[in-house]
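Enquirer: Residue numbers (the UniProt record's numbering): 1 to 247. By construction, the Cβ of each residue, glycine as well, lies at the ideal position given by its N, Cα and C atoms. What you are looking at is a predicted structure, and each value in this text was computed from that prediction instead of being measured.
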Amino acid sequence: MTDRETYSMEVEVPYYFANFTGDIRLSALIDIMLLTSEKQLHQADADSTEMVMNNGLGWVVVQYHMDINQMPRLGQKLKVTTQATSYNKYFFYRDFWIEDMDGNVMVKAQSAFVLIDIKERKIVSAADRLENKFGAEEVNRIQRFARLRVPEDYDFKQPQHIGYYNIDVNKHVNNSYYFDWMVDTLDTDYIASHHLKSMDIKYEKELNLESEPLSFAKVDSENHTSTHWIKNGDTLNVIAQLGWEDK
């Protein structure tokens with residue numbers, strides 16, 4: 001069996017990645033992880049730039065699960081590592097972990113990606129198009145993530161504007177913006193008094209420049225969770241559940 005390859009890079013959390021509490025924003029945390037995977041994919045000419053420019057294809061994440069021992073802070077130096085773990089005909093699975101400079105694991109995440117034909121908006125086989133799979137194991141099974149359900153009611157509702165700056169080279173809203181929209185539905189006092197401990201998200205349907213999304217949130221104070229979902233009309237675009245703890 002081929003050894004699974006890892007790729008690591010060191011970063012320092014700049015002020016524009018942090019929120020008003022000094023913690024890194026969830027969207028920025030995701031961006032750092034994705035940059036690490038892009039760097040590894042670039043070694044095989046399979047990063048987003050190469051795939052879009054030369055093949056008309058784009059990587060799209062469909063699910064994440066994340067566990068957070070400690071949220072990175074403003075000015076903190078981090079080691080971010082990624083590893084392609086397994087793949088089947090359509091799904092490519094990748095792990096991430098973030099350590100402080102003493103080697104303490106702060107964040108761990110699992111993810112599932114697909115490869116799409118940008119023009120046709122259809123999923124294509126990543127297994128058939130990637131020559132270098134970085135030691136990932138070929139599997140027949142589908143990796144299971146948390147099942148997320150839309151609550152019957154909501155505590156917060158907020159319209160979101162989509163501008164040209166929200167659209168990436170895949171011609172849809174970049175996935176990182178969803179995190180800002182979702183967290184933005186929560187009261188600032190709640191954000192100030194809680195640490196994020198876990199995150200599950202499933203992307204259902206892309207948003208584009210013509211979409212008019214509404215962002216919803218439901219807080220379960222007893223279980224320290226908040227459920228977030230975004231809809232465009234009657235269509236569910238994304239759903240997530242965040243786990244919190246008191247500061």
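(1) Could you name the residues of the same chain whose beta carbon sits closer than 8 angstroms to that of Glu120, not counting the 5 residues immediately before and after it, in chain order?
(2) Starting from the C-beta of Thr235, find all residues in its chain whose C-beta is less than 6 angstroms away, skip the five residues before and the five after it, and write them out in chain order.
(3) Please confirm whether Asn170 and Gly58 have their CB atoms less than 7 angstroms apart.
(4) How about Leu148 and Ile68: are their beta carbons less than 7 angstroms apart?
(5) What does a CB cutoff of less than 6 angstroms around Ile230 pick up in its chain, not counting 5 residues either side in sequence?
(6) Identify, in the order they occur along the chain, each residue of the same chain with its Cβ nearer than 7 angstroms to the Cβ of Gln40, setting aside the five sequence neighbours on each side.
(7) Report buried or exposed for Ile98, applying the criterion of at least 16 other Cβ atoms within 10 angstroms of its Cβ.
(8) State the DSSP-derived secondary structure class of Arg129, mapped to helix, strand or coil.
(9) For Asp23, write down the residues that DSSP places opposite it in a beta bridge.
(10) I need the straight-line Cα distance from Asn104 to Leu29, nearest angstrom please.
(11) Do you know how far the Cα of Asp189 is from the Cα of Asn88?
(12) Determine which residues share a DSSP beta bridge with Glu12 and list them.
(13) If you drop the 5 nearest sequence neighbours on each side, which residues of the same chain put their C-beta closer than 6 angstroms to that of Met1?
(14) Nearest-angstrom Cα distance between Lys79 and Pro159?
(15) Please look up how many angstroms separate the CB atoms of Leu207 and His161, rounded, as I've assumed it's under 8 angstroms.
Expert: Here's the rundown:
(1) none
(2) Lys205
(3) yes
(4) no
(5) Pro213, Ser215, Asn237, Val238
(6) Cβ neighbours of Gln40 beyond the five flanking positions: Tyr7, Thr82, Phe134.
(7) buried
(8) It is helical.
(9) Arg73
(10) 17 angstroms
(11) 44 angstroms
(12) Under DSSP, Glu12 shares a beta bridge with Lys77.
(13) Summary for Met1: the model assigns pLDDT 46, below 50, so the residue's position carries little reliability; its value from the coordinates is reported in the next sentence. Cβ within range, chain order: n/a, list empty.
(14) Distance between Lys79 and Pro159, taken at the CA atoms: about 36 angstroms.
(15) About 11 angstroms separates the beta carbon of Leu207 from that of His161, a gap too long to meet the 8 angstroms contact definition.
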